[in-house]
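Q: One structure, pasted below without further comment.
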Amino acid sequence: MKKTTVKKTDVAKLRIRVRAYEHKILDASVRQIMDTAARFDATVQGPVPLPTEIRKYTVNRGAFVHKNAREQFEMRAHKRLVDIVNPSGKLVEALTNLSLPSGVNIEVKML
Numbered sequence: 106m107k108k109t110t111v112k113k114t115d116v117a118k119l120r121i122r123v124r125a126y127e128h129k130i131l132d133a134s135v136r137q138i139m140d141t142a143a144r145f146d147a148t149v150q151g152p153v154p155l156p157t158e159i160r161k162y163t164v165n166r167g168a169f170v171h172k173n174a175r176e177q178f179e180m181r182a183h184k185r186l187v188d189i190v191n192p193s194g195k196l197v198e199a200l201t202n203l204s205l206p207s208g209v210n211i212e213v214k215m216l
């Protein structure tokens, strides 16, 4: 059997990871990013929901004797992933000038 090799063309990708504690704010922010990319006719892959990061903290309710009386708190971090294929310079500039609500963390990587 003959193996065929296919060369991949170098495609620039802008990978955006969005993270927030409230999923409604997160979805609104991702929608803003998608609308901005659609205005510049960019090819968008996503949004891909990533696993929710759950941190649980257990504390004692009582001070001394009441070991079995405990209370649990948790923090949930929701995450989404958006890929933009072959972003133009104007699109990158528009994304940097985008004002998103507080509580939304964004990581941008160029692949």
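Plus 105 on top of the position in the sequence shown (first one is 1) and you've got this note's numbering. All C-beta atoms, glycine included, are put in the ideal place defined by N, C-alpha and C.
1. Quick one: what does DSSP say R144 is sitting in, helix, strand or coil?
2. Express the C-alpha separation of A174 and I121 in angstroms, rounding to a whole number.
3. Express the C-alpha separation of P156 and M139 in angstroms, rounding to a whole number.
4. Put H183 into one of helix, strand or coil per three-state DSSP.
5. Go ahead and label A168 buried or exposed: buried means 16 or more other beta carbons lie within 10 angstroms of its beta carbon, across all protein chains shown.
6. Helix, strand or coil for G151 per DSSP?
7. Note down the Cα distance separating L196 from L119, rounded to an integer number of angstroms.
8. So, A125 versus H183, is the Cβ gap smaller than 8 angstroms?
A: Straight from the coordinates:
1. helix
2. 43 angstroms
3. 20 angstroms
4. strand
5. exposed
6. strand
7. 10 angstroms
8. yes
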